[in-house]
Each structure stands twice: as C-alpha cells, then as structure tokens.
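According to the working numbering, the sequence shown holds residues 137 to 266 in order.
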Amino acid sequence: MELIATHVCMTKDVGVHGNLFGGIMLSWIDEAAVAMANQVCLTPNMVTRKMTEILFERPVKVGNTIRIYGKVNTIGNTSISLDMLAKRINVYTGEEEVVTSTQVVFVRIDEYGQKIPIGEKVKRKYGFIE
Ligand SMILES: CC(C)(COP(=O)(O)OP(=O)(O)OC[C@H]1O[C@@H](n2cnc3c(N)ncnc32)[C@H](O)[C@@H]1OP(=O)(O)O)[C@@H](O)C(=O)NCCC(=O)NCCS
137 MELIATHVCM TKDVGVHGNL FGGIMLSWID EAAVAMANQV CLTPNMVTRK
187 MTEILFERPV KVGNTIRIYG KVNTIGNTSI SLDMLAKRIN VYTGEEEVVT
237 STQVVFVRID EYGQKIPIGE KVKRKYGFIE
C-alpha cells in the first residue's frame, strides 16, 4: 500500500471518551483517498460515491501518529475503488497497527457534475483493460 498522509491526533480531535472522533478519521481517510484517486486518474475531478463498512478497530489517543495508506482495488468505466487503511505508528519502534479500515469509491465528473469515463491510459496502466 502507498503512504498518502500522516496526522497527529490533537486534543481538539478527541470526543467524550478521549478517543479520536470517528468523523475526523473519516475526513482524514476521505481526503487521503481523493488525493490518491485524483493522482491515479489524472484529474482533480473525482467525487466520493461510496464508503463501505468502516471498522474502527483500535482507539486513537492524543499524541498518536496516524498514517493513511491506500491501494487501487478496481477501476471501472467512471469509477475507482480504493482500499484504505489508517495505521497507528509506535514512534519508538516503528511498529504499525491498523486502527481503521474501509474501501472508498470515487466517480470522475465533468464541469456539470455529470459522470464521465476515466481515461483509457489510466485503465491500461493499472491493468483494467488490455
Ligand atoms: C457521482 C455521481 C455524478 C454519479 O452519478 P450516478 O448517476 O449516481 O452514477 P451511477 O450510479 O451510474 O454510478 C457511477 C459509477 O459509480 C459506481 N457505483 C454506483 N453505486 C455504487 C455502489 N453502491 N458501490 C460501488 N460502486 C458504485 C457505478 O458502478 C459506476 O461505476 P462504473 O462506471 O465504473 O461502472 C452522483 O452520484 C453524485 O453527484 N453523487 C454525489 C457526489 C458527492 O457529492 N460526493 C460527496 C462530496 S465529494
């Protein structure tokens, strides 16, 4: 998987139980994922169509460093699906453990907000057409 973004959990990011607020994690993942989708699809015009089941596997606490990773899962006609993982890093040992996982689907749109095909060159590069 490719490292896309790194965040440090701040006091402003936690909820009532002292864990990172889920909505903040979702925005970190969505932002990292759209950055990857734009880069892969060679356009700044990708919009989030779907986030699949989101698993919050471990709590994130103030001071934790979080790395967001992504990988292309599939590319269709107008959409791309990315596997996304957020991992907490132990800054002393470099060890990482998954805290959150999901899959995000983006659709390419034109200037009117209508879906349009992802370029053939992109699909070929990632092996989704001959
Ligand atoms: C993006 C948008 C223009 C797509 O138009 P649409 O008519 O809904 O398009 P479709 O339902 O035909 O889906 C388009 C693509 O998404 C895929 N898709 C749709 N629903 C899906 C689902 N539940 N799971 C996985 N993929 C899905 C389709 O398979 C299709 O991909 P393909 O062309 O690669 O086969 C429209 O849904 C939209 O504007 N959504 C809001 C986007 C938004 O505001 N996002 C949040 C902020 S960025």
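Glycine residues also receive a C-beta, built at the ideal position from the N, C-alpha and C atoms. If you're wondering where the values come from, they're calculated on a predicted model, not measured in any experiment.
Query                                                                            : Result
Residue 149, DSSP secondary structure in three states                            : helix
Ligand 1 heavy atom lying under 7 Å from the CB of residue 249                   : yes
Contact test: residue 245 Cβ vs ligand 1 heavy atom, cutoff 7 Å                  : yes
C-alpha distance - residue 177 paired with residue 166, whole-angstrom precision : 16 Å
Helix, strand or coil at residue 182 [DSSP, three-state]                         : strand
Alpha carbon of residue 151 to alpha carbon of residue 199, nearest angstrom     : 14 Å
Spatial distance of residue 196 from residue 242 (CA atoms)                      : 26 Å
Environment of residue 163 [buried if 16+ CB atoms lie within 10 Å]              : exposed
Where residue 232 sits in the DSSP three-state scheme                            : strand
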